[in-house]
Ligand code: WTA
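Numbering (the numbering used here), first residue to last: -12 to 636.
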């Protein structure tokens, strides 16, 4: 079975796109009819209020809903026994779990009552720091059920990063677990939370799920076991938790993400627009058919997991597979074993995961059928042609379209992507904008690049520019938590009346967009966004560091690696040990994902006379360039470049 708003053919795509551009309000108003509202959007005239100056974007303000009624309750009539979540544990020997819509609905209501018992109410911020277990999905949806704002933090972030986020969101409640399994490692999540909480005395309650049962500290009055709380609810004997009435524009969640300056920002998404957009893009891009198994390999700590493991699939009544482990354990055939085990139809993963698997050769594919696969997808970073071809030939057996989905934490869902089997794929291209998405490329001065506007015509030759959006779609970021000005600065101030993505992009003569990578000081390491300024701040916290500069360089597996140029004071005797210490410091301050791959100690950094670091030169050196470093005449001391080149690793 399909969905009435699924695009059916190439012609249908062009027609739908044209309509969505000509009458965006009407287009989304019509889509909104396919959802369950407590009070439906009333009139087309006020379905959208917007300007990119402040910025202000409101879709269907005044309409009321609860996203969990759309993700759970409304499927009970026809799909009560349909699997909502299939959970595959880290250890393939351990039994998998299946939660039907009925079971998930029950457990979400039960845990929502736990949240209420613990004093959590609509609008409160709840931090969730868990591994990829079904209870993570339950916790997220339970927050949404009662209108609490969830903020999921990826399990790889350090105590300091968590503390920064807790303070920023003033989150008084935490849901975590003793520890997580990850390959052959045990990750001590509760321990990390305990460290974070030393800085956050305002936290009132920590609910701890038992999972791997590693030893944890439990503080009376503050910490409580998940299971104990469930028992209390059972004793109270009320299995129902009514869904809180939310305005379409009430916040649903905060998700922190890195930018080119300062600490990570809390991207805020709202209930109505985000729901409509994740559902629409899920159903269309993957051409999901009822009964199929969708396997998105992302972690729910990132936006991809929010949108395409949870809210998109569940709002569509789909079956979403959630995997606790990693692609290379117990061996590099794990994804393929899972695909065969559950007859996965849609596989959505990151180029970095593919590249790490390609490195193991074809042996892990032996004996794997992979014949259930119908659609393949990638997300998170540009995919190189070699990885694309391997995915297409070895995994999809040349039968499965690959959707290359370009989007961001801030966009809520995919904006540029081909539609599986409907619009053509093209290796390394995200291809065409989805309905409602108005793309424009601009030059450095903000001038529109001729032929780059997706709403008018095609270019005569391939054109290039900075990727912007001209018009709001329902899933666009509404604000950065508690700091609206930061949202304006980061996304809406670079170019007038445009949302600026921070990405570079080209458009070919057929209208296909190709993302070329970030044009700002943001790195994309293994598909994770990391700001160079953040890494520099962490390095600079090390006692013997005077100054540092961080740039990205091409990395075979990670896409980008982190290269740090560091100036030390005169106190250091053992440089090798100091490198280790610096890595440990970065791990403490941000998390292991931000550890530099290379550290080069230097005596000076190339600076302009006004004291600005010339990153362009450092980037070129990190990329292996030795001669064509561009104009160095404006440097305060051109000799430092020679010194850096001489000491290059
Ligand atoms: C990059 C992840 C090329 C891009 C959903 C963007 C991509 C950043 C693609 C957002 C793609 C994401 N092709 N680059 N298909 N998808 N990116 O917020 O640079 O973690 O700005 O969201 O990843 O990263 P984020």
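We put the CB at the ideal spot given by N, CA and C, even for glycine.
The DSSP assignment places complete beta strand (DSSP E) segments of no fewer than 3 residues inside the region 356 to 408 at 362 to 366 and 389 to 392, in order along the chain. In the displayed model, residue 164 falls within a strand according to three-state DSSP. One Cα belongs to residue 127, the other to residue 240, and the distance between them is close to 9 Å.
If you check the CB distance, residue 363 and residue 335 come in under 9 Å.
Under the 10 Å beta carbon count, residue 346 is surrounded by fewer than 16 other beta carbons and is classified as exposed. Cβ neighbours of residue 63 within its own chain (closer than 8 Å, five residues either side excluded): 88, 89 and 92. At a cut-off of 8 Å, the beta-carbon of residue 619 does not count as near the ligand WTA: no heavy atom of the ligand is closer than that. For residue 320, the three-state secondary structure derived from DSSP is coil.
In the three-state scheme derived from DSSP, where H, G and I count as helix and E and B as strand, residue 548 is classed as strand. Relative to the non-hydrogen atoms of the ligand WTA, the Cβ of residue 366 comes within a distance shorter than 8 Å of at least one. Only exposed fits residue 349, as fewer than 16 other CB atoms lie within 10 angstroms of its CB. Distances taken from the Cβ of residue 521 to the heavy atoms of the ligand WTA include none shorter than 8 Å.
Unbroken alpha helix (DSSP H) runs of no fewer than 4 residues, entirely contained in the region 532 to 600, are found at 562 to 576, following chain order. As summarised for the region 130 to 180, the continuous alpha helix (DSSP H) elements at least 4 residues long and confined to that stretch are 146 to 156, given in chain order.
Shown here, residue 476 sits in a helix according to DSSP, grouped into three states. At least one heavy atom of the ligand WTA is found less than 8 Å from the C-beta of residue 369. Pairing residue 24 with residue 310 gives a Cβ-Cβ distance that is not under 9 Å.
Not one heavy atom of the ligand WTA is found less than 8 Å from the C-beta of residue 497.
The beta carbons of residue 268 and residue 401 sit closer together than 9 Å. Nearest neighbour of residue 235 by Cα position, chosen from 48, 217 and 569, turns out to be 48. When secondary structure is reduced to three states using DSSP, residue 436 falls in the coil class, being assigned neither helix nor strand.
Between residue 284 and residue 329 a beta carbon distance of about 13 Å is seen, past the 8 Å cut, so the two are scored as non-contacting. Its chain contains 288, 578, 579 and 580 as the residues whose beta carbon lies nearer than 8 Å to that of residue 143, once the 5 sequence neighbours on both sides are disregarded; these appear in chain order. Put simply, the backbone Cα of residue 519 is about 14 Å away from that of residue 252. For the pair residue 406 and residue 450, the Cα-to-Cα distance works out to about 23 Å.
Residue 378 and residue 427 have their C-alpha atoms spaced approximately 30 Å apart.
By the Cβ criterion, the region 444 to 460 is in contact with the region 416 to 426, since at least three pairs of Cβ atoms, one from each stretch, lie closer than 8 Å.
Contact check between the region 601 to 615 and the region 524 to 540: three or more CB pairs, one atom from each, fall below 8 Å, which counts as touching.
If you check the CB distance, residue 294 and residue 399 come in under 9 Å. Taking non-hydrogen atoms of the ligand WTA into account, the C-beta of residue 395 is found less than 8 Å away from one of them. Judged by beta-carbon spacing, residue 395 lies within the 9 Å limit of residue 488, meaning their Cβ atoms are closer than that value.
Leaving aside the five residues that flank residue 191 on each side, the residues in its chain whose CB is nearer than 6 Å to its CB run, in chain order, 159.
Placement of the Cβ of residue 291 at a distance of less than 8 Å from at least one heavy atom of the ligand WTA is found. When rounded, the separation of the alpha-carbon atoms in residue 110 and residue 154 is 16 Å. Relative to residue -5, the option among 274, 221, 43 and 8 whose CA is nearest is 274. Apart from the 5 residues on each side of it in sequence, residue 339 sits with its Cβ closer than 8 Å to the Cβ of 367, 368, 513, 514, 544, 545 and 546 in its chain, given in chain order.
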